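Novice: Next up is a structure, given as structure tokens.
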Amino acid sequence: MSKTRLGKEQAAKASDSAEDRSAPPTDISEIMKAIASSEKTILERIDSSTKDLNDKIDTIKEDLEKHETRLDSVEFGLNTYSDRTVELESEVSKLKSEVAKSTDKVDDIEGRQRRCNARIVGVKEGFENTGKTTDVVATMLKEMLGLNFTPTLDRAHRSLGQPGNSPRAIVVKFHYFQEKEDMFRRATSSQPLFLQDMKISIFHDFTAIVAKKRAAFSEAKRLLRGCNGVKFGVLFPAVLRITSPTGQDKRFTDPSAAMDYIKKDLLRP
6 MSKTRLGKEQ
16 AAKASDSAED
26 RSAPPTDISE
36 IMKAIASSEK
46 TILERIDSST
56 KDLNDKIDTI
66 KEDLEKHETR
76 LDSVEFGLNT
86 YSDRTVELES
96 EVSKLKSEVA
106 KSTDKVDDIE
116 GRQRRCNARI
126 VGVKEGFENT
136 GKTTDVVATM
146 LKEMLGLNFT
156 PTLDRAHRSL
166 GQPGNSPRAI
176 VVKFHYFQEK
186 EDMFRRATSS
196 QPLFLQDMKI
206 SIFHDFTAIV
216 AKKRAAFSEA
226 KRLLRGCNGV
236 KFGVLFPAVL
246 RITSPTGQDK
256 RFTDPSAAMD
266 YIKKDLLRP
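This note's numbering puts the last residue of the sequence shown at 274; the count rises by one with no breaks.
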């Protein structure tokens, strides 16, 4: 082979190799189509996902707006109820004060209506049936206490309730308050009292509230009994009156204050 032929063949091969390197691949259009299709699919999926997300966000916004509206309504209602509660508390406080005053007034009226009353305990059932009840009880009091007068009684009757093991108390109302006080002074100095085979006790006819208030001074009265030269008594409705050996007069409606005074000023060594 000649050098001229060999050179021509090498030049042809080099030219073919250059053409192969510079020519684009035959399927580039298909690749571009595939890329465009993939891009479109991805964008469609993104749009779909974004649309779903936006719908959910819109739903959440609507729910939040509804909740905000409800919260505003609840807040308004709470403020309204709070104002009404304050007003009601004020009204209740006033009513409680008025009820307390009315209760005290009613109890005071009832207590004063009972000031001429007395309760006689220990009289056998049926004892008063031997004649007119007021006359029988008045005669019994005169004989039992050695009175120089027959008490004038407006009413006399057994207390309410069914007879039991103990006879019911007899409640009497004196026509004259002074006669009742004379009877109690005699009854206090003549304790215990007996009539036939009956042991009789006589008490004031206090209301439950007054009786409870007076009973609160029991400990104070117990201490006063041990104080020499001290005079004391419980005034109506529940006022403890204490007269010291020096003649100083003190009155107490609070049992604690009375106890402090007794311990500090009357029981000193």
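The C-beta atom is built at its ideal place from N, Cα and C for all residues, glycine as well. Quantities reported herein were computed from a predicted structural model and do not represent experimental measurements.
(1) How long is the line joining the alpha carbons of residue 146 and residue 156, rounded to whole angstroms?
(2) In the DSSP output, what is residue 244 paired with across the bridge?
(3) I'd like the list of long-range same chain contacts for residue 258, defined as Cβ closer than 6 Å, with 5 residues on each side in sequence excluded.
(4) Would the region 122-140 and the region 197-206 be scored as touching if the rule is three or more Cβ pairs under 8 Å?
(5) Give the DSSP bridge partners of residue 199, in chain order.
(6) Using the beta-carbon count (16 or more within 10 Å), is residue 276 buried or exposed?
(7) Helix, strand or coil: how does DSSP classify residue 219 here?
(8) Decide if residue 37 is buried, meaning its Cβ has at least 16 other Cβ atoms within 10 Å, or exposed.
(9) Helix, strand or coil, according to DSSP, for residue 128 in the structure here?
(10) Run through DSSP, which three-state label would residue 27 get?
(11) Taking its Cβ as the centre, do 16 or more other Cβ atoms sit within 10 Å of residue 185, making it buried, or is it exposed?
(12) From residue 300 to residue 208, what does the alpha carbon distance come to, in whole angstroms?
(13) Of the choices 64, 158, 239, 91, whose alpha-carbon is the least far from that of residue 179?
(14) Leaving out five residues on either side along the sequence, give the residues of the same chain with a beta carbon under 8 Å from the beta carbon of residue 168.
(15) Grab the span of the alpha helix (DSSP H) containing residue 117 for me, first residue to last.
(16) In whole angstroms, what is the alpha-carbon distance linking residue 55 and residue 87?
(17) So what's residue 123 in DSSP terms, helix, strand or just coil?
(18) Given this structure, state the Cα-to-Cα distance separating residue 106 from residue 176, to the nearest angstrom.
(19) Which residues in the same chain have their Cβ closer than 6 Å to the Cβ of residue 28, if we skip the five residues on either side of it in sequence?
(20) As a quick exercise: from 117, 151, 205, pick the residue whose alpha carbon is nearest that of residue 127.
(21) Just the C-alpha distance for residue 249 and residue 141, rounded to the nearest angstrom, thanks.
(22) Please return the same chain residues whose Cβ sits closer than 8 Å to the Cβ of residue 221, not counting the five positions on each side in sequence.
Specialist: If we stick to the structure as given:
(1) 8 Å
(2) 240
(3) 244
(4) yes
(5) 204
(6) Outside the displayed range of the chain (6 to 274) lies residue 276, so it cannot be described from this structure.
(7) helix
(8) exposed
(9) coil
(10) In this prediction, residue 27 scores a pLDDT of 48, lower than 50, which makes its location untrustworthy; the coordinate-derived value is nonetheless stated afterwards. Helix at residue 27.
(11) buried
(12) Since the displayed the chain opens at 6 and closes at 274, residue 300 lies outside it and no answer follows.
(13) 158
(14) 130
(15) 33-118
(16) 46 Å
(17) strand
(18) 28 Å
(19) Confidence in residue 28 is poor, its pLDDT being 46 and thus under 50, which makes the residue's placement unreliable; the coordinate value appears in the next sentence. So the list is empty, once near-sequence residues are dropped.
(20) 205
(21) 43 Å
(22) 243, 260
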